[in-house]
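Colleague: Structure provided below as C-alpha cells; questions to follow.
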Ligand SMILES: [Zn+2]
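In the working numbering, the protein residues as written are 6 to 157.
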C-alpha cells in the first residue's frame, strides 16, 4: 500500500529559533517563554516581556505571539545566551511539583531525583543544586502559609 508508509523526516535547521511556553516556570508564577537559542521571556498577555534583566542595562528584546507563531522584536539581547536555559526552566517546574507531592522527601533529595530526568550526565555540572533545593523549600513555605487556619 502506497499511503500506509510512514516516514519520519527530521530536519535540523540551526538557524531557526523555536519557542516553547512553560507554564509557571518562573519565580513569579507567570508563564515563561523559552527560546531555543537560550533566552527566556516572561509572558505578559500578547506582548512577551523578557524576564532576564541586566543591572545596568535593560534588555529590550521582546517576542510577540500570534497564536502558534512567535515573532522576535527588533531589539537584540544585551546579555549572553544560556544554552541550558530550557532545561533549567523545566527542572525548576519539576522540582516545584515534586516538592509539593513528596513533602517528606528532603529538598536536596527531590532535586537529586529530578535532575537526571531533565539533564543528561555531562550536563549535571551546569546546575546549581543548592539553588534548586531552595526553590523546593520556598514552594513548601508557601504551602504552609496558605494552609494556615483553624483546625477542628
Ligand atoms: Zn535579553
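All C-beta atoms, glycine included, are put in the ideal place defined by N, C-alpha and C.
Is it buried or exposed, residue 21, if we count other Cβ atoms within 10 angstroms and call 16 or more buried?
Modeller: Reading the chain shown from its first residue, position 16 is the one you call residue 21. With fewer than 16 other Cβ atoms within 10 Å, it is exposed.
Colleague: Under the rule that 16 or more other beta-carbon atoms within 10 Å means buried, what is residue 107, buried or exposed?
Modeller: Here residue 107 refers to the residue found at position 102 of the chain shown. By the 10 Å Cβ count, residue 107 comes out exposed.
Colleague: Quick one: what's got a C-beta closer than 7 Å to residue 43's C-beta in the same chain, skipping five residues either side?
Modeller: Counted from its first residue, the chain shown places residue 43 at position 38. Around residue 43: 86, 87, 88, 90.
Colleague: Between residue 83 and ligand 1, is there a pair consisting of the residue's CB and a ligand heavy atom that are separated by less than 7 Å?
Modeller: One-based indexing of the chain shown puts residue 83 at position 78. Yes, since a heavy atom of ligand 1 falls inside the 7 Å radius drawn around the Cβ of residue 83.
Colleague: Please classify residue 126 as buried or exposed, where buried requires at least 16 neighbouring CB atoms within 10 angstroms.
Modeller: Mapped onto the chain shown, residue 126 falls at position 121. Exposed, because fewer than 16 other Cβ atoms sit within 10 Å of the Cβ of residue 126.
Colleague: Which residues share a DSSP beta bridge with residue 23?
Modeller: For the purposes of this step, residue 23 is taken as the residue at position 18 of the chain shown. Paired residues: none, contrary to the question.
Colleague: Between which two residues does the alpha helix (DSSP H) containing residue 79 stretch?
Modeller: In the chain shown, residue 79 corresponds to position 74, counting from 1. From DSSP, residue 79 is part of no alpha helix (DSSP H); its letter is neither H nor E.
Colleague: Is residue 66 a contact residue of ligand 1, with contact defined as CB to any heavy atom under 7 Å?
Modeller: For the purposes of this step, residue 66 is taken as the residue at position 61 of the chain shown. Residue 66: yes, Cβ under 7 Å from ligand 1.
Colleague: My output table needs one value for residue 110: the three-state DSSP class, helix, strand or coil.
Modeller: Mapped onto the chain shown, residue 110 falls at position 105. Reduced to three states, the DSSP call for residue 110 is coil.
Colleague: So for residue 136, helix, strand or coil by DSSP?
Modeller: Taking the chain shown and counting its residues from 1, one reaches residue 136 at position 131. It is helical.
Colleague: Please indicate yes or no: does the CB of residue 44 lie closer than 7 Å to some heavy atom of ligand 1?
Modeller: Counting from one through the chain shown, the residue named residue 44 turns up at place 39. Residue 44: yes, Cβ under 7 Å from ligand 1.
Colleague: Please report the Cβ distance between residue 144 and residue 116, rounded to the nearest whole angstrom; I am assuming they are in contact, meaning their Cβ atoms lie under 8 Å.
Modeller: The residue given as residue 144 occupies position 139 in the chain shown. The residue given as residue 116 occupies position 111 in the chain shown. Not confirmed; about 12 Å, so no contact.
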